[in-house]
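Protein chains in written order, with the UniProt record's numbering: chain A, 18 to 363; chain B, 18 to 363.
Built from N, CA and C at the ideal position, the CB exists for glycine as well.
See below for the structure under consideration.
Protein chains: 2
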Amino acid sequence: QYERVLLGHGSGGKLSADLIQRVFLAELGNEVLSSLEDSATLSLDSQTNLPNHRNSGPRIAFTTDSFVVKPLFFPGGDIGKLAVHGTVNDLAVAGATPLYLSAAFILEEGFAIESLQRIVVSMRQACDEAGVTLVTGDTKVVDRGKGDEVFITTTGIGLHAANRELSIRNARPGDQIIVSGTIGDHGMTIMSTREGIEFETALESDTAPLNDLTRVMLDACPSIRVMRDPTRGGVSSTLNELATASKVGISLDEASIPVRAEVHSACEMLGLDPMYVANEGKLIVVVPEQDCQSLLTVMKQHSRGRDAAVIGSVVADHTGMVVMRSLIGGQRVVTMLAGEQLPRIC
Amino acid sequence: QYERVLLGHGSGGKLSADLIQRVFLAELGNEVLSSLEDSATLSLDSQTNLPNHRNSGPRIAFTTDSFVVKPLFFPGGDIGKLAVHGTVNDLAVAGATPLYLSAAFILEEGFAIESLQRIVVSMRQACDEAGVTLVTGDTKVVDRGKGDEVFITTTGIGLHAANRELSIRNARPGDQIIVSGTIGDHGMTIMSTREGIEFETALESDTAPLNDLTRVMLDACPSIRVMRDPTRGGVSSTLNELATASKVGISLDEASIPVRAEVHSACEMLGLDPMYVANEGKLIVVVPEQDCQSLLTVMKQHSRGRDAAVIGSVVADHTGMVVMRSLIGGQRVVTMLAGEQLPRIC
Ligand SMILES: Nc1ncnc2c1ncn2[C@@H]1O[C@H](COP(=O)(O)OP(=O)(O)OP(=O)(O)O)[C@@H](O)[C@H]1O
Ligand SMILES: Nc1ncnc2c1ncn2[C@@H]1O[C@H](COP(=O)(O)OP(=O)(O)OP(=O)(O)O)[C@@H](O)[C@H]1O
Ligand SMILES: [Mg+2]
Ligand SMILES: [Mg+2]
Ligand SMILES: [Mg+2]
Ligand SMILES: [Mg+2]
Ligand SMILES: [Mg+2]
Ligand SMILES: [Mg+2]
């Protein structure tokens, strides 16, 4: 075992999951936290002013993420946009309507106020687009060399519809798996920016709010079982979490997975698999087979789901495992991201 | 004006207030955020699933703080306790019952897992004591030299009683001002630990949850106008914020302000005024004169309010200013903390 924090503990893959289990859940675990959903679901009883699970009061969704991306500004976005979209999306894929955000800033002494201002403007635009209000904040400063320009932690509150219950435990054999668009765009943009690699067609992060897409999807298809945003660790890690939590197997068809040509080239050049690369404006949805085509149609009509595709299905075999039929016909097991890949992608 | 972030922007004094106004509120300002309360108050309408101010649904309190204290462990507490208490207290002084927390960790590569574990154990104990549940989290890792062991951002959700409306704008001439105990303990503990100064009687941080004290206070005295936790910037900065927001003057009596002998000595040695030093387990409360003595009695019966004292009153004169009658009889204006004092106190 490790005695010190490794970069891989922030990867969103195996090491992240292990640290969360061994250090955090071992001590802090409770029914809500240990379910490891994108957002916690909390019930508030307006009558008694006491917390009260599964009663008549509104159920709220609650989620947090820190953002430490480097560089701060990249093609398609910046740390501010990411900080709003990331938290909005964790609420949205939980099936909730995102309403309110908090933002806590850890600034490094010497950071340019002008850059901070650009980030704040970008956050405001992102809030406006997503229809959320930033209602509380915090500002701390650390001495030069003890931080890295700016870290932002956003926390979000959303509201659940009365009788909706999405969960990463809900996938059932026979269900179909849809991805809302091309994969790997965000991660490859950050990596190639950092490595100073230029591609003929410029890469661009997919960072975007998904709450309008999820609203339309849930209105059209109330039978949706699970949604999840495949951020750090990519589609592979998300699907492995799903297979474990729902105690099912997952079968994928590589040929059906949408990957932009320029992402594909960048991945080849850096020796990476797009299945492990982070996304910031995509979701995975699990839906009963009979509703799959109508959901896909609705998604494709939405600007955030234009390239949506069915990429596989939930099976009763190989419980807890993700197996992919590859382009050349063979089958391979797709595991969670194991190493570090790349730190500070979000 | 400044072009770069200064340490003083994290002091909780004038520079902090200026940065929040100029950079954050200028762009992100809205009715809730711009009121600059310890917690945002949000109304959720359980019927329509839409945000709706001042309606029948429950009103929730929402607040966030990042913690970057150095050293991580200090007499009386550690960064984990502080991260729980700080957010619990911002909910409590808003008059809300703290219920749920999120915690986002930014870990530096190489940080010892054992230290992280100690912090997590400490957070769990603090959550148990305060009666709150940690329901969601996040874990990011930054490369060595780009962070400082661990930063923690906690965000809290609390519930307001049906018709309670505390606000920093509510102080009225004639009201009395009470502090719940000795001031400067937390800040002087951190500073003397960092400077390697040892005092005959060991200093200890006052970090503590205040939600049980506030509950008892509000039950006994529903007329309470304002509560506030004088953290960064100390009692002086908090009272200046109060004077400005309520458009009143504040008169203080130096002789009545409780300061521990060892804090007093440490302050003298380092040339500091305890009025500007951070507290992490104290509150300031403003109460109509007729209820002051009964509230004080209730506070003194509580373990967190044993040393409570009336320190001054709200006046119609010198609006926006805090004036103190000093020990030797003269009057002086007590301004907000102006410089940097000490970074990373919480
Ligand atoms: N330090 C922690 N303490 C407790 N729970 C944690 C901690 N870090 C993460 N978790 C929990 O683990 C689960 C996975 O967290 P993770 O951050 O990977 O999800 P995510 O926010 O959807 O992904 P990303 O952070 O890449 O956007 C969540 O349910 C989260 O609440
Ligand atoms: N970056 C920011 N953006 C928007 N609002 C902010 C920001 N930083 C602070 N605020 C707001 O300014 C007010 C004062 O914040 P501050 O952090 O000083 O209060 P506090 O949490 O009570 O004190 P402390 O952080 O010392 O515990 C709060 O209402 C807070 O919401
Ligand atoms: Mg997520
Ligand atoms: Mg997330
Ligand atoms: Mg704060
Ligand atoms: Mg406060
Ligand atoms: Mg605070
Ligand atoms: Mg996260």
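When you compare the CB of residue i with every CB in chain B, is at least one pair closer than 9 Å?
| i | result |
| --- | --- |
| glycine 204 (chain A) | no |
| threonine 224 (chain A) | no |
| proline 247 (chain A) | no |
| alanine 188 (chain A) | no |
| alanine 57 (chain A) | yes |
| phenylalanine 128 (chain A) | yes |
| leucine 183 (chain A) | no |
| proline 239 (chain A) | no |
| proline 75 (chain A) | yes |
| leucine 99 (chain A) | no |
| leucine 89 (chain A) | no |
| cysteine 144 (chain A) | yes |
For residue i and chain A, any beta-carbon pair shorter than 9 Å?
| i | result |
| --- | --- |
| phenylalanine 84 (chain B) | yes |
| serine 254 (chain B) | no |
| aspartate 165 (chain B) | yes |
| methionine 140 (chain B) | yes |
| isoleucine 214 (chain B) | no |
| glutamine 134 (chain B) | yes |
| arginine 131 (chain B) | Looking at the sequence provided, one finds glutamate at residue 131 (chain B) rather than arginine. Yes, because at least one Cβ of chain A sits closer than 9 Å to the Cβ of glutamate 131 (chain B). |
| leucine 259 (chain B) | no |
| leucine 116 (chain B) | yes |
| alanine 355 (chain B) | no |
Residue i touches chain B at which residues, Cβ-Cβ below 7 Å?
| i | result |
| --- | --- |
| alanine 121 (chain A) | Thr81, Asp82, Ser83 and Thr170 |
| phenylalanine 41 (chain A) | Val137 and Gly154 |
Who are residue i's beta bridge partners in DSSP?
| i | result |
| --- | --- |
| tyrosine 117 (chain B) | B:Thr150 and B:Ile174 |
| glutamate 212 (chain A) | Note: glutamate 212 (chain A) sits in no beta bridge, so no partner. |
| isoleucine 169 (chain B) | B:Phe84 and B:Phe122 |
| aspartate 95 (chain B) | B:Phe90 |
| arginine 21 (chain B) | A:Ala129 |
| lysine 157 (chain B) | B:Ile123 |
| isoleucine 267 (chain B) | B:Val331 and B:Val339 |
| residue 364 (chain B) | What is shown of chain B runs 18 to 363, which leaves residue 364 (chain B) out entirely. |
| alanine 326 (chain B) | B:Val196 |
| residue 7 (chain B) | Residue 7 (chain B) lies beyond the residue range present for chain B, which begins at 18 and ends at 363; the question has no answer from this structure. |
| isoleucine 301 (chain B) | B:Val196 and B:Arg245 |
| arginine 349 (chain B) | B:Met341 |
Taking C-beta pairs closer than 8 Å, name the residues in chain B that residue i reaches, listed in chain order.
| i | result |
| --- | --- |
| methionine 151 (chain A) | Rather than methionine, the amino acid found at residue 151 (chain A) in this sequence is leucine. Residues of chain B passing the Cβ test: Leu45, Asn47 and Leu50. |
| leucine 287 (chain A) | None at all; the shortest Cβ gap to chain B is about 18 Å. |
| glutamate 125 (chain A) | Val22 |
| aspartate 160 (chain A) | Leu24, Pro360 and Arg361 |
If the cut is a Cβ gap below 9 Å, which residues of chain B does residue i touch?
| i | result |
| --- | --- |
| tyrosine 293 (chain A) | Those within 9 Å of tyrosine 293 (chain A) in chain B number zero; the least Cβ separation is about 17 Å. |
Could you work out which residues of chain A lie near residue i, taking near to mean beta carbons separated by less than 7 Å?
| i | result |
| --- | --- |
| leucine 36 (chain B) | Thr156 |
Closer than 7 Å by beta-carbon distance: list the chain D residues that pair up with residue i, in chain order.
| i | result |
| --- | --- |
| isoleucine 207 (chain A) | No chain D is part of this structure, whose protein chains are labelled A and B. |
Query raised in the report: Taking any heavy atom of ligand 3 as the mark, which residues have a C-beta closer than 6 Å to it, listed down the chain?
Result: A:Asp55, A:Asp107, A:Asp246 and A:Thr248
Query raised in the report: What residues does ligand 8 have around it, judged by CB closer than 6 Å to any heavy atom, in chain order?
Result: A:Asp82 and B:Asp155
**Report entry** Contact residues within the segment 19-33 of chain A, judged by C-beta distance below 7 Å to chain B
**Finding:** Tyr19, Glu20, Arg21, Val22, Leu23, Leu24, His26, Gly27 and Ser33
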